[in-house]
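*Asks:* Throughout the sequence shown, residue numbering follows my numbering, covering 2 to 333 in sequence.
Even glycine gets a Cβ: it sits at the ideal position worked out from N, Cα and C.
Please read all numbers here as calculations on a predicted model, not as lab measurements.
Would you mind keeping the following structure in view while I ask a few things?
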Amino acid sequence: MKENTILNKSLTVVGLIAILILAVWLAVKIVGLIPNAFTSLASIADGVYNSRPVSELNVATEASLINTGEEVTIHWEVLRGNGTYTFSYQCSDGVSLIMKYPDDNETYVPCGQVIKLGNNTFSLTIIPTAERVRFSDVLYSIGFIKAGTDEIATEKTNRFTVVNPDITQSRSVSILVPEDNTYEPEVSELATTIPGTPTVTTTEVYELPSSDPNGFVDLAVKYLGVGTLNSQNQFVPRGTIDNDSRGAFQFEVKNVGTKTSASWDFAATLPSGTKYESPTQAGLKPNERSVITLGFDNVGQTGTRTFGAEINVSADTSSRNDSFSWAVTVTD
Numbered sequence: 002m003k004e005n006t007i008l009n010k011s012l013t014v015v016g017l018i019a020i021l022i023l024a025v026w027l028a029v030k031i032v033g034l035i036p037n038a039f040t041s042l043a044s045i046a047d048g049v050y051n052s053r054p055v056s057e058l059n060v061a062t063e064a065s066l067i068n069t070g071e072e073v074t075i076h077w078e079v080l081r082g083n084g085t086y087t088f089s090y091q092c093s094d095g096v097s098l099i100m101k102y103p104d105d106n107e108t109y110v111p112c113g114q115v116i117k118l119g120n121n122t123f124s125l126t127i128i129p130t131a132e133r134v135r136f137s138d139v140l141y142s143i144g145f146i147k148a149g150t151d152e153i154a155t156e157k158t159n160r161f162t163v164v165n166p167d168i169t170q171s172r173s174v175s176i177l178v179p180e181d182n183t184y185e186p187e188v189s190e191l192a193t194t195i196p197g198t199p200t201v202t203t204t205e206v207y208e209l210p211s212s213d214p215n216g217f218v219d220l221a222v223k224y225l226g227v228g229t230l231n232s233q234n235q236f237v238p239r240g241t242i243d244n245d246s247r248g249a250f251q252f253e254v255k256n257v258g259t260k261t262s263a264s265w266d267f268a269a270t271l272p273s274g275t276k277y278e279s280p281t282q283a284g285l286k287p288n289e290r291s292v293i294t295l296g297f298d299n300v301g302q303t304g305t306r307t308f309g310a311e312i313n314v315s316a317d318t319s320s321r322n323d324s325f326s327w328a329v330t331v332t333d
């Protein structure tokens with residue numbers, strides 16, 4: 002009996018030791034699993050948070066009218082979730098931007114390209130410059146790219162206007178050419194009305210970017226309008242032309258290439274059927290343009306009359322944009 006009691010006590014002690022060992026082993030396992038469980042929960046929560054739709058950006062500038070060369074700061078709100086903010090602006094003739102980023106370093110911003118700003122940037126100071134016209138509208142966009150993606154999840158577009166107070170009305174010169182095209186024209190400051198002779202007015206050509214010696218030349222012709230010349234030889238757009246008025250049409254020649262062009266000229270056909278050949282024009286730098294106003298006394302017979310122009314320049318890479326043809330109604 003005594004031996005049985007001792008055996009039972011021994012078994013009890015062994016059982017308790019086994020239970021303690023099992024409890025310690027389970028505790029170690031549980032402690033090892035808890036961090037993973039919290040990490041999984043955090044990942045799930047973060048995934049749910051970041052998968053929610055990104056709210057709309059609110060973007061604003063300190064002013065809507067900015068003088069050329071002056072600073073303006075763009076502000077936007079903080080969005081939830083991780084990601085990167087972006088800046089871009091649409092190309093506008095004669096407009097360029099410099100941003101003070103990063104760390105207030107002045108950096109040129111190419112138009113039409115998306116610039117990544119980082120996830121802790123909520124404002125951007127820029128310096129716009131306008132060299133072409135007095136008022137230039139600039140459309141800019143602030144975007145947000147979610148972490149782990151390359152696509153813009155949301156974007157807000159605003160605008161401001163750049164004012165160049167030094168630019169007033171464009172100056173122009175007039176060239177008088179007899180219809181037989183045998184006369185060497187002279188440049189005068191004011192247009193003179195000579196019956197039967199077309200009047201060519203060329204606006205001032207603006208100098209913008211420098212030429213790339215390894216670039217290409219592409220002069221493009223663009224029709225602008227048809228109408229008449231008033232008593233001050235100013236172009237007045239009209240839908241039709243009276244046969245007893247001085248007719249005129251305008252077109253633009255622009256270098257859309259990257260290299261300065263050689264000298265060029267153009268040949269025009271007037272509504273009366275008269276052919277006109279221009280004197281040699283100075284070469285155009287990249288993005289430079291020349292607006293031609295061609296005035297004439299003889300508008301032709303009543304009815305629908307066609308007119309047009311074609312340029313001639315060496316080393317032009319594209320001939321598809323070298324000419325235009327249009328029609329106008331001549332009335333009594």
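On the DSSP bridge assignment, give the partners of T270 in chain order.
*Replies:* Note: T270 sits in a beta bridge opposite K276, G309.
*Asks:* Hey, would you say E311 sits closer than 8 Å to F250, going by beta carbons?
*Replies:* Not closer than 8 Å, so no.
*Asks:* Would P129 and V163 be called neighbours here (beta carbons separated by less than 8 Å)?
*Replies:* Cβ atoms of P129 and V163: closer than 8 Å.
*Asks:* Can you give the beta carbon distance from S142 to K157, rounded, assuming they're within the 8 Å contact cut?
*Replies:* Right, their Cβ atoms sit about 7 Å apart.
*Asks:* For D151, count the other beta carbons within 10 Å of its own beta carbon; 16 or more makes it buried, fewer makes it exposed. Which is it?
*Replies:* Exposed is the call here.
*Asks:* Might you give, ordered along the chain, the residues of its own chain that have their beta carbon closer than 7 Å to the beta carbon of K117, omitting 5 neighbours on each side?
*Replies:* The answer, listed in chain order, is T85, T87.
*Asks:* Using beta-carbon positions only, say whether G309 and F325 come within less than 8 Å of one another.
*Replies:* Contact flag set, yes.
*Asks:* Does DSSP classify L23 as helix, strand or coil?
*Replies:* Helix.
*Asks:* Is it true that the stretch 234-245 meets the stretch 277-287, where meeting means three or more beta-carbon pairs spaced less than 8 Å apart?
*Replies:* Because the criterion of three Cβ pairs below 8 Å is not met, the stretch 234-245 and the stretch 277-287 do not touch.
*Asks:* Determine the extent of the beta strand (DSSP E) in which V254 is found, giving its start and end residues.
*Replies:* Segment 248-256, the beta strand (DSSP E) holding V254.
*Asks:* What does the Cβ neighbour count give for V139, buried or exposed, with the cut at 16 atoms within 10 Å?
*Replies:* Looking at its Cβ environment, which holds 16 or more other Cβ atoms inside 10 Å, V139 is buried.
*Asks:* Helix, strand or coil for A28, going by three-state DSSP, please let me know.
*Replies:* In the structure shown, A28 sits in a helix (DSSP, three-state: H, G or I).
*Asks:* Which residues bound the beta strand (DSSP E) around G84?
*Replies:* Segment 84-90, the beta strand (DSSP E) holding G84.
*Asks:* Quick test of your reading: L220 and D323, contact by CB under 8 Å. State the CB separation rounded to the nearest angstrom.
*Replies:* Going by Cβ atoms, the distance from L220 to D323 rounds to 7 Å, so yes, they are a contact pair.
*Asks:* Decide if W26 is buried, meaning its Cβ has at least 16 other Cβ atoms within 10 Å, or exposed.
*Replies:* The residue is exposed, with fewer than 16 neighbouring Cβ atoms inside 10 Å.
*Asks:* Identify the continuous beta strand (DSSP E) that holds T361 and give its terminal residues.
*Replies:* Since the first residue of the chain shown is 2 and the last is 333, residue 361 is not available in this structure.
*Asks:* For the 8 Å Cβ check, are there 3 or more pairs between the stretch 117-127 and the stretch 61-78?
*Replies:* Yes, since at least three Cβ pairs between the stretch 117-127 and the stretch 61-78 fall closer than 8 Å, the two stretches touch.
*Asks:* Short of 7 Å in beta carbon distance, which residues of its chain neighbour I18, apart from the five on each side in sequence? Order them along the chain.
*Replies:* So the list is empty, once near-sequence residues are dropped.
*Asks:* Whose C-beta lies closer than 6 Å to the C-beta of G113 among residues of the same chain, with five residues either side of it excluded?
*Replies:* Closer than 6 Å at Cβ, skipping near neighbours: C92.
*Asks:* My output table needs one value for L17: the three-state DSSP class, helix, strand or coil.
*Replies:* Note: L17 maps to helix in three-state DSSP.
*Asks:* Would you tell me roughly how many angstroms separate the C-alpha atoms of E71 and T62, rounded to the nearest one?
*Replies:* Spanning the two alpha carbons is a distance of roughly 13 Å.
*Asks:* Determine the direct distance from the alpha carbon of G228 to that of G304, and round the result to whole angstroms.
*Replies:* Each residue's Cα considered, the two are about 15 Å apart.
*Asks:* Taking C-alpha atoms, which residue in N256, D333, D213 lies nearest to Q282?
*Replies:* For the residues N256, D333, D213, the minimum Cα distance to Q282 belongs to N256.
*Asks:* Check whether the Cβ atoms of P272 and V329 lie closer than 8 Å to each other.
*Replies:* The answer is yes: Cβ separation under 8 Å.
*Asks:* How big is the Cα-Cα spacing for V79 and F161?
*Replies:* So the two alpha carbons sit approximately 22 Å from each other.
*Asks:* Hey, how far is the Cα of T318 from the Cα of F252?
*Replies:* Approximately 20 Å, taken between the alpha carbons.
*Asks:* Name the residue from V292, A24, V218, N59 whose alpha carbon lies nearest to the alpha carbon of G144.
*Replies:* Nearest of V292, A24, V218, N59 to G144, Cα basis: N59.
*Asks:* Bridge partners for T330 per DSSP, in chain order?
*Replies:* Paired residues: T241, T305.
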